[in-house]
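Enquirer: Residue numbers (the numbering used here): 30 to 516. Note that CB positions come from ideal geometry on N, CA and C, so glycine has one too. Model, not experiment: these values are computed from the prediction. Below is the structure I would like to discuss, written out as structure tokens.
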């Protein structure tokens, strides 16, 4: 599922972790992910590569078949197995290529006195149970070391050969070979005659050699079948493990969200207390004025002061309501939310911090409701985090302007938060956990705010992006419009 989502969204962080897990589970040399044209995207290794894949691998993946191939990459002899990344009822969205190291497989081969080699289509030894025979050629290419094999006289129905290993004496052998079409390799076994063997013994050896070749072919086919069965079994188990782990990670993320919210509450409480002091002082002043006007039998000015007292009380109720709403534990399911109202509530909570920082606020919020499908509290937390980061970014700036614009296009409601700060050193890493431009610490930053905000917005079905401007940075938060038939 993560691989399919990565191909659709072009976000490969989770997919790379899945490939790394598969590599560790199955002992592959490397696992690659490509697009439908065979263009390399990511792999399970810790380095970037750009291998070239033969057309046969791509055709097999496109036709929902298991593709086979072999290659020499960075001095490593590998067998490649390809399979398409399938979505039910659709064409493959990409290709998975599992690279298996032949050196690792040869290490587990049983020790055999007979030389066994596999020639590739260029007639070069690609694999062998004898390391000294690797890369020898029987194509008579003058630039390559020759595979020293010469035909000798026939012995009745048997063709005898003289075989000279690079580090040994000439041997009289019988050669039995078989082409393996799936791997495009030709397997050859060289059985020594030792001159003293009788014709009957030679015939028996030939029968045995044929049986060995057939056994090898049967073993390869059986191993492929077992591997497919094991892949299906382990794939199912791995998917269950990944799903369980994903649930655990979601729980951990929820806990981090709540911890982040409590930290934000602590910071906001001081500003809210100061904000409440102003209407309380005004209420006291208006009440005293009202009493004086009543004592002088002037009911109209007294009534005006009482009206002003009501306005200040409503202001206090709004401030307290916003703070109480933000502190309340939110239930996981999403609901219809007015995006503009959420932004306005966040600005109410941050207004004292904005004033204290000497920041000029420019906001353009629509008068009409902007319905989206989200969680009220979590969306407010994302907006608060963007506002807080913008204030922190402008702490040392001479010109401090914070701009908020909320608009709607054909598909999304989009909020842009622009500051005149120092910008972002690495916009591509800003949503990764623990990435921060602040000093690490409880009073500064842990680098989790934008990572949590990005995860929250993704779960709402939206996007969160950032860009550097000539003067500062801009964050763009987009959420799908909630249509009336889905409300």
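Check the DSSP bridge columns for residue 432 and list the partner residues they point to.
Expert: In DSSP, residue 432 forms a bridge with 391, 447.
Enquirer: Whole angstroms are fine: how far does the CA of residue 202 sit from the CA of residue 2?
Expert: For the chain, the structure presents residues 30 to 516; residue 2 sits outside this window and is missing.
Enquirer: Determine the DSSP secondary structure at residue 161, reduced to helix, strand or coil.
Expert: In this structure, residue 161 counts as helix in the three-state DSSP scheme.
Enquirer: I'd like the list of long-range same chain contacts for residue 60, defined as Cβ closer than 6 Å, with 5 residues on each side in sequence excluded.
Expert: 48, 51, 52, 73, 127, listed in sequence order.
Enquirer: Can you tell me whether residue 169 is helix, strand or coil according to DSSP?
Expert: Coil.
Enquirer: Could you name each continuous alpha helix (DSSP H) segment of 4 residues or more that falls completely within the segment 307 to 333, going from the start of the chain to the end?
Expert: For the segment 307 to 333, not a single whole alpha helix (DSSP H) run of length 4 or above is found.
Enquirer: Give every residue of the same chain whose Cβ lies closer than 7 Å to the Cβ of residue 399, excluding the five residues on either side of it in the sequence, and list them in chain order.
Expert: Once the five neighbours on either side are set aside, the close Cβ partners of residue 399 are 367, 368, 369, 435, 437, 442.
Enquirer: Among the candidates 65, 92, 93, whose CA atom is the shortest distance from the CA of residue 82?
Expert: Ranking the options by Cα distance to residue 82, first place goes to 65.
Enquirer: Below 8 Å between beta carbons: does that hold for residue 215 and residue 147?
Expert: Cβ distance < 8 Å, so residue 215 and residue 147 count as in contact.
Enquirer: What would DSSP say about residue 181, mapped onto helix, strand or coil?
Expert: If DSSP states are grouped into helix, strand and coil, residue 181 belongs with the strands.
Enquirer: For residue 220 and residue 238, I'd like the C-alpha separation in whole angstroms.
Expert: Taking the straight line from one Cα to the other gives about 8 Å.
Enquirer: One question on the structure: do residue 416 and residue 375 come within less than 8 Å of each other, judged by their Cβ atoms?
Expert: Yes, they are a contact pair.
Enquirer: Report buried or exposed for residue 38, applying the criterion of at least 16 other Cβ atoms within 10 angstroms of its Cβ.
Expert: Exposed, because fewer than 16 other Cβ atoms sit within 10 Å of the Cβ of residue 38.
Enquirer: Under DSSP, the alpha helix (DSSP H) around residue 94 begins and ends at which residues?
Expert: Note, residue 94: premise wrong, no alpha helix (DSSP H); not H, not E.
Enquirer: Thinking C-alpha only, which one of 123, 54, 125, 164 is nearest residue 104?
Expert: Checking every option, the nearest Cα to that of residue 104 belongs to 164.
Enquirer: Take residue 470 and list the residues in its own chain whose beta-carbon comes closer than 7 Å to its own, dropping the five residues that flank it on each side.
Expert: With a pLDDT of 37 at residue 470, under the threshold of 50, the predicted position of this residue should be treated as unreliable, though the coordinate-derived value follows. Excluding sequence neighbours, residue 470 sits near nothing in its chain.
Enquirer: With distances taken Cα to Cα, identify the nearest neighbour of residue 194 among 213, 172, 478, 158.
Expert: The option with the nearest alpha carbon to residue 194 is 158.
Enquirer: Drop a sphere of 10 angstroms on the beta-carbon of residue 8, count the other beta-carbons inside from all chains shown, and report buried for 16 or more, exposed for fewer.
Expert: Because the chain here runs from 30 to 516, residue 8 falls outside it and cannot be looked at.
Enquirer: Please go through the same chain and pick out, in chain order, the residues whose beta-carbon is closer than 7 Å to the beta-carbon of residue 225, but skip the five residues on each side of it.
Expert: Note that residue 225 has pLDDT 41, beneath the 50 cutoff, so the model's placement of it is unreliable and no number is given.
Enquirer: Which whole-angstrom value describes the C-beta separation of residue 109 and residue 86, a residue pair presumed to lie in contact below a C-beta threshold of 8 Å?
Expert: That pair is a contact at about 6 Å.
Enquirer: Who are the near neighbours of residue 133 in its chain, counting only those whose CB is closer than 8 Å to its CB and skipping five residues on each side?
Expert: Within the same chain, residue 133 has close Cβ partners 56, 58.
Enquirer: In terms of alpha-carbon separation, which member of 265, 508, 373, 153 lies closest to residue 401?
Expert: Looking at the Cα atoms, 508 is the closest of the given residues.
Enquirer: Let me check one thing: in DSSP terms, what residues is residue 203 bridge-paired to?
Expert: Answer is 189, 220.
Enquirer: Going by beta-carbon coordinates alone, are residue 316 and residue 338 separated by less than 8 Å?
Expert: Contact: yes.
Enquirer: DSSP three-state label for residue 120, please.
Expert: In the structure shown, residue 120 sits in coil (DSSP, three-state: anything other than H, G, I, E or B).
Enquirer: To the nearest whole angstrom, what separates the beta carbons of residue 69 and residue 80, a pair I think is in contact under 8 Å?
Expert: The Cβ separation is near 6 Å, so the contact holds.
Enquirer: Residue range of the alpha helix (DSSP H) that residue 55 falls in?
Expert: Its alpha helix (DSSP H) spans residues 42 to 55.
Enquirer: Specify the secondary structure class of residue 61 as computed by DSSP and reduced to three states.
Expert: Looking at residue 61 - three-state DSSP - the assignment turns out to be strand.
Enquirer: Report the option in 371, 131, 433 whose CA atom is closest to the CA atom of residue 406.
Expert: Cα-wise, what sits closest to residue 406 is 371.
Enquirer: Mind checking which residues open and close the alpha helix (DSSP H) that includes residue 371?
Expert: Residue 371 -> alpha helix (DSSP H) spans 368 to 385.
Enquirer: Look at residue 430 and residue 506 and say whether their C-beta atoms are less than 8 Å apart.
Expert: Result no, Cβ atoms of residue 430 and residue 506 do not sit closer than 8 Å.
Enquirer: Alpha carbon to alpha carbon, how far is residue 445 from residue 433? Give it in angstroms, no decimals.
Expert: If you take the alpha carbons of residue 433 and residue 445, they lie about 6 Å apart.
Enquirer: Just to confirm before moving on: does the CB-CB distance between residue 131 and residue 112 stay below 8 Å?
Expert: No. Outside cutoff.
Enquirer: By the DSSP assignment, the alpha helix (DSSP H) with residue 485 in it spans what residues?
Expert: It spans 478 to 488 - the alpha helix (DSSP H) in which residue 485 sits, taken as one unbroken run.
Enquirer: In angstroms, rounded to a whole number, what distance separates the CA positions of residue 450 and residue 393?
Expert: So the alpha carbons of these two residues sit roughly 20 Å apart.
Enquirer: On the DSSP bridge assignment, give the partners of residue 503 in chain order.
Expert: BP columns for residue 503 point to 447, 496.
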